[in-house]
Structures are given as C-alpha cells and as structure tokens.
Amino acid sequence: MPDPLILTPTAAKRVAAIAQRQSKPAILRLSVEGGGCSGFQYKFDLSDDADADDSVSETDGVKLVVDPVSLDLVAGSTVDFVESLGGAAFRVENPQAAAGCGCGSSFGI
C-alpha cells in the first residue's frame, strides 16, 4: 500500500471555495503527465466523482483523488495551496521527486 496523500486544510478550503463557485463537488483530482521542464508535471482538476480504483484522501470534507498510475509517482506527497508575491497556486511536496523546477509544477524522479 503506497504512503497516503495529504491535502492540507489550506488547500481543502481553497478547493471548497472553487467548487462552490463552479457548483461542483469538492473533489480535487491530482494527476501526473509527461512533460514540464523536469520530465513530469502535476495536473489539477475538479472532478465530479472518484473512480473505483482511485486513491482517496479527505480533509475537512474535501476529497483528493489520484489514479493508480499517478499514485506511483506522488505517494507520500502533501498538496498545499500557497499565496505569495508571485501568485497563488496548489503545490505538491513530493518526497519522491529528485529534481524540480522553480515554478513547482514539474518534477523528475
């Protein structure tokens, strides 16, 4: 069983606000795609439901869902929402990432 994913309360609050504005369920889907400046990149979407084979974690009523293929690359990660002078974004703290980029949206293993 892979290490669980963690959705911080700050990220959960942001997902809930976005979902409410879009009249969607508070379900954040994290997936990994090839590309980005370090080999892989994170992709975030609101989802209508979790698939049967998804890994699901929940914080403050908000679900974080990840497909099995992506889970192998992000197991043990923490998803947070950060605001700074450079903007606001969801960030993944991935213990498996051996390399990353300045934007924080791509990584290498």
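When you line the sequence shown up against my numbering, it's residues 1453 to 1561, in that order.
For each residue, glycine too, the CB sits at the ideal point set by N, CA and C.
A quick note: this is a predicted structure, and the numbers were derived from the prediction, not measured.
Reduced DSSP category for residue i - H, G, I as helix; E, B as strand; rest coil
{"i": "Ala1445", "result": "Coverage of the chain is limited to positions 1453 through 1561, which leaves residue 1445 absent and any answer about it impossible."}
{"i": "Asp1497", "result": "strand"}
{"i": "Asp1503", "result": "coil"}
{"i": "Ser1411", "result": "Outside the displayed range of the chain (1453 to 1561) lies residue 1411, so it cannot be described from this structure."}
{"i": "Leu1537", "result": "coil"}
{"i": "Leu1516", "result": "strand"}
Contacts around residue i, its chain only, beta-carbon distance under 6 Å, and the 5 residues preceding and following it disregarded
{"i": "Ser1507", "result": "Val1518 and Leu1523"}
{"i": "Asp1505", "result": "Pro1520"}
{"i": "Lys1495", "result": "Ser1483 and Glu1485"}
Extent of the continuous beta strand (DSSP E) to which residue i belongs
{"i": "Ser1509", "result": "Ser1507 to Thr1511"}
Burial state of residue i (16 or more Cβ within 10 Å)
{"i": "Ser1499", "result": "buried"}
{"i": "Ala1478", "result": "buried"}
{"i": "Lys1476", "result": "exposed"}
{"i": "Ser1529", "result": "buried"}
Beta-carbon proximity list for residue i, same chain, < 8 Å, skipping 5 on both sides
{"i": "Asp1512", "result": "Pro1461, Ala1464, Lys1465 and Ala1468"}
Residue i, enclosing alpha helix (DSSP H) - first and last residue
{"i": "Ala1463", "result": "Pro1461 to Arg1473"}
Heavy atom of the ligand ZN within 7 Å of residue i beta-carbon
{"i": "Pro1547", "result": "The ligand ZN is absent from the structure shown, which contains no ligands of any kind."}
Three Cβ pairs or more, each shorter than 8 Å: is that satisfied between the region 1481-1500 and the region 1522-1534?
yes
State whether the region 1469-1476 contacts the region 1541-1549, with contact taken as three or more CB pairs (one from each stretch) at a distance under 8 Å.
The region 1541-1549 and the region 1469-1476 do not touch, with fewer than three beta-carbon pairs separated by less than 8 Å.
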